[in-house]
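*Asks:* Here it is: the structure, laid out below.
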Amino acid sequence: MPAAYVLIHLNMSVDFADSLRDIRAVDGVQRADLVVGPDDCIAYVESEDITQMMNTIRAIRMVNGVGKTDTRSIAEM
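Reading the sequence shown from the start, the letters are residues 7 to 83 in my numbering.
Have a look at this one:
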């Protein structure tokens, strides 16, 4: 099962709480939290396959306030 952490930069012109609520509502997002540091939010996503993963990431990018994302796929060892 593909999984990834998505590092998210939010636009300063939006209410972060509203963007966080909308990110959490995206299908495939298991958890999302606001964080302190170079990123504003980190989301953990899981999917059945890579196509579904890409759809989840696209949906996160469409959320109002999301400026940039950086996806880190989890490596299974």
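Ideal placement from N, C-alpha and C gives every residue a C-beta, glycine not left out.
Small disclaimer: the values here were computed from a predicted structure and weren't measured.
1. Mark Met-59 as exposed unless 16 or more other C-beta atoms lie within 10 angstroms of its C-beta, in which case mark it buried.
2. Counting only runs of 3+ residues fully inside the region 25 to 64, write out the beta strand (DSSP E) ranges in chain order.
3. Measure from the alpha carbon of Asn-17 to the alpha carbon of each residue in Met-83, Lys-74, Met-7 and Ala-10, then state which is nearest.
4. Spatial neighbours of Ala-9 within its chain, please: CB distance less than 6 Å, with the 5 preceding and 5 following residues excluded, ordered by chain position.
5. Kindly indicate which three-state DSSP category Ile-14 falls into: helix, strand or coil?
*Replies:* Working from what's here:
1. By the neighbour-count rule (16 or more Cβ atoms within 10 Å), Met-59 is buried.
2. With a minimum length of 3 residues, the unbroken runs of beta strand (DSSP E) contained wholly in the region 25 to 64 fall at 35 to 40 and 47 to 52.
3. Among Met-83, Lys-74, Met-7 and Ala-10, the Cα nearest to that of Asn-17 belongs to Lys-74.
4. Counting only residues of its own chain and dropping the five nearest sequence neighbours on each side, Ala-9 has a CB closer than 6 Å to the CB of Glu-52 and Ile-80.
5. In the three-state reduction of the DSSP assignment, Ile-14 falls in the strand class.
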